[in-house]
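Colleague: Once you've had a glance at the structure underneath, I'll fire off some questions.
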Amino acid sequence: MGLEFLRDYAARRVAPYAPQPSLLDAPTEDVNEAGDVFLDYEMDANAWTAQPIETPVGWGPRTWPECPRRFIDGKDVGQTIAWLRAPGGFPVPVRLAEIGAVSVRVVDGTCRREFTAVDRVVSMVVEPFPWDEVEDFATALQRHGFRLLSAWPPQGRLSYDFEEMRKAAQNRSNTEMGSLEEAVLARASLEPTIVDGRLEPRAGGFDQQWSPVVGVVKTHSRNYLHARGLQLLYDLEPGERTPLFSLPKAKLPVVSWYLRLSGAQSTMPNWGLVRIELPLHWFEARASSCSPDVEYVAHLCRTLCAYRSLDSSYARAPVSLHPIVRAEQLLGALFTSGSILMQRFYRLTAL
């Protein structure tokens, strides 16, 4: 069947649109995957206070031997461009995307692109279709520089909800982007490295026991703190952090804390805050006693504050690190215009 796959199943184009809410009876995906949170890791949770990060005279990131100078970022730029009706009447959205990952190294204050991986992918739920037809379609796409990604049905079952099926295709594309980040990270996993986002989705790219990898999380989709912790969080001044807490039962156990990179009186109380993650096993292995290595944490916080973005034209500058912003720019420069890529796909498949 090959490239005729979409036409044979009466695929039609989809104009760009804002994602729609799922049907009201759809199961929720708001599940706490982090497991139990141990808030007493550094101090009694009932005695939490802000931890200031003082910078000694003459200290700078370049003077710290363990300073991370390698940064990893990923990018997934795509949209739903078509949909078809599968056997059984299920709507199947087709997502076209360009995904990539990049490592950037800071050398003498300059961000230099070290390695990149870029791929063009088509993601969709393929379960309802005959497998031989799917394989022919994937092979034909591969010959023209596209890779077919088979998405899992939402909640493990096919759905008549278009938005649920669209989200499944988007998740598959994003997961593949994470795999590219893992591959880039693994090229030097024993070197101090900062990753943009949570560590767990990139866990295949480093060793939990030996890799000094730092995750910097800008988007806070879950609450890990108790009432006292939240009040403390909102009162943090720039350069202050919360006490450490751990997520020992997560898929990837981590030690974590919140740090305010920047802020002003006129901003929202949760603005300028990032959450830091370290592999729990690595962090505890380096401790010389039963107490956590707060000296390392202080050095890292100072370094992150020094790396913070000062670009006022960048909307997320208050929660961004300059090398990560630069990595995003360097990676984006390698991507094809979305409209050009979409029109090429339409011509290729005769939609």
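Numbering (my numbering), first residue to last: 1119 to 1469.
C-beta atoms are modelled at their ideal positions from N, C-alpha and C, and glycine is treated no differently.
Around the C-beta of V1331, are 16 or more other C-beta atoms found within 10 angstroms, so that it is buried, or is it exposed?
Modeller: Residue 1331 sits at position 213 when you count from the first residue of the sequence shown. Classification of V1331: buried, given that the 10 Å Cβ count is 16 or more.
Colleague: For P1436 versus V1224, is the C-beta distance shorter than 9 Å?
Modeller: Indexing the sequence shown from 1 puts residue 1436 at position 318. Indexing the sequence shown from 1 puts residue 1224 at position 106. In this structure, V1224 does not lie closer than 9 Å to P1436 by Cβ.
Colleague: Pairs of beta-carbons, one from the segment 1354 to 1367 and one from the segment 1161 to 1171, closer than 8 Å: are there three or more?
Modeller: Yes: at least three Cβ pairs fall under 8 Å.
Colleague: From which residue to which residue does the alpha helix (DSSP H) around S1291 run?
Modeller: On the sequence shown, residue 1291 is found 173 positions in, with the first residue counted as 1. Start and end: 1280 to 1304.
Colleague: Identify every run of the alpha helix (DSSP H) within the segment 1406 to 1456, keeping only runs that are complete inside it and at least 4 residues long; order them along the chain.
Modeller: Listed in chain order, the complete alpha helix (DSSP H) runs (minimum 4 residues) inside the segment 1406 to 1456 are 1412 to 1425, 1440 to 1450.
Colleague: With a cut-off of 8 Å on the beta carbons, I'd call P1205 and G1357 a contact; round off their distance for me.
Modeller: For the purposes of this step, residue 1205 is taken as the residue at position 87 of the sequence shown. For the purposes of this step, residue 1357 is taken as the residue at position 239 of the sequence shown. At roughly 59 Å, the Cβ-Cβ gap does not stay under 8 Å, so P1205 and G1357 are not in contact.
Colleague: Would a C-beta distance cut-off of 9 Å place V1220 and F1233 closer than the cut-off?
Modeller: Within the sequence shown, the letter at position 102 stands for residue 1220. Within the sequence shown, the letter at position 115 stands for residue 1233. A contact, by the Cβ cut-off of 9 Å.
Colleague: Let me check one thing: in DSSP terms, what residues is P1355 bridge-paired to?
Modeller: Here residue 1355 refers to the residue found at position 237 of the sequence shown. Contrary to the premise, residue 1355 reads as Glu rather than Pro in this sequence. Bridge partners of E1355: none, in fact.
Colleague: List the whole-angstrom C-beta distance separating V1243 from T1198, where the pair is believed to meet the contact cut-off of C-beta under 8 Å.
Modeller: Within the sequence shown, numbered from 1, the residue matching residue 1243 stands at position 125. Within the sequence shown, numbered from 1, the residue matching residue 1198 stands at position 80. About 12 Å; that fails the 8 Å criterion.
Colleague: What does the alpha-carbon distance come out to for the pair K1285 and V1392?
Modeller: Within the sequence shown, numbered from 1, the residue matching residue 1285 stands at position 167. Within the sequence shown, numbered from 1, the residue matching residue 1392 stands at position 274. Distance between the alpha carbons of K1285 and V1392 is about 26 Å.
Colleague: Determine the contact status of L1214 and V1239, defining contact as a CB-CB distance below 9 Å.
Modeller: In the sequence shown, residue 1214 corresponds to position 96, counting from 1. In the sequence shown, residue 1239 corresponds to position 121, counting from 1. In this structure, V1239 lies closer than 9 Å to L1214 by Cβ.
Colleague: With a CB to CB cut of under 6 Å and the five nearest residues on each side skipped, what residues in its chain are close to D1143?
Modeller: Mapped onto the sequence shown, residue 1143 falls at position 25. Low confidence applies here, because D1143 scores a pLDDT of 44, under 50, leaving its location unreliable and the question unanswered by this model.
Colleague: Excluding the 5 residues preceding and the 5 following L1466 in the sequence, name in chain order all residues of the same chain whose CB lies nearer than 7 Å to its CB.
Modeller: Stepping through the sequence shown from its first residue, residue 1466 is reached at position 348. The residues are L1121, H1262.
Colleague: Looking at the unbroken alpha helix (DSSP H) that takes in D1158, where does it start and where does it end?
Modeller: As a working mapping, residue 1158 is identified with position 40 in the sequence shown. Neither: D1158 is in no alpha helix (DSSP H) and is coded neither H nor E.
Colleague: Kindly indicate which three-state DSSP category L1142 falls into: helix, strand or coil?
Modeller: By 1-based counting over the sequence shown, the position of residue 1142 is 24. Confidence in L1142 is poor, its pLDDT being 46 and thus under 50, which makes the residue's placement unreliable; the coordinate value appears in the next sentence. Looking at L1142 - three-state DSSP - the assignment turns out to be coil, as it is neither helix nor strand.
Colleague: Buried or exposed: where does Q1349 fall if 16 or more other Cβ atoms within 10 Å of its Cβ makes it buried?
Modeller: Looking up residue 1349 in the sequence shown gives position 231. So Q1349 counts as exposed.
Colleague: Under a three-way DSSP split, which group does F1189 fall into?
Modeller: The residue you call residue 1189 lines up with position 71 of the sequence shown. It is a strand residue.
Colleague: Quick check: L1303 and R1320, are their CB atoms within less than 9 Å of each other?
Modeller: One-based indexing of the sequence shown puts residue 1303 at position 185. One-based indexing of the sequence shown puts residue 1320 at position 202. Result yes, Cβ atoms of L1303 and R1320 sit closer than 9 Å.
Colleague: When we look at the beta-carbon of P1134 and count the other beta-carbons within 10 Å, is it buried (16 or more) or exposed?
Modeller: Sequence index remark: in the sequence shown, residue 1134 carries index 16 (1-based). Answer is exposed; the Cβ neighbour count stays below 16.
Colleague: Mind checking whether I1394 and G1333 have CB atoms under 9 Å apart?
Modeller: Locating residue 1394 in the sequence shown gives position 276, counting from the first residue. Locating residue 1333 in the sequence shown gives position 215, counting from the first residue. The answer is yes: Cβ separation under 9 Å.
Colleague: Could you check if M1386 is buried or exposed, using at least 16 other CB atoms within 10 Å of its CB as the buried criterion?
Modeller: By 1-based counting over the sequence shown, the position of residue 1386 is 268. So M1386 counts as exposed.
Colleague: Report buried or exposed for R1420, applying the criterion of at least 16 other Cβ atoms within 10 angstroms of its Cβ.
Modeller: Position 302 of the sequence shown, counting from 1, holds the residue named residue 1420. So R1420 ends up on the buried side.
Colleague: Please determine whether the Cβ atom of A1445 lies at a distance below 8 Å from any heavy atom of the ligand HEM.
Modeller: Although the ligand HEM was asked about, the structure shown includes no ligands whatsoever.
Colleague: Between M1460 and chain C, is the shortest Cβ-Cβ distance under 9 Å, so that the two count as touching?
Modeller: Any reference to chain C falls outside this structure, which holds one protein chain only.
Colleague: State whether the segment 1370 to 1377 contacts the segment 1176 to 1185, with contact taken as three or more CB pairs (one from each stretch) at a distance under 8 Å.
Modeller: Segments in contact, no.
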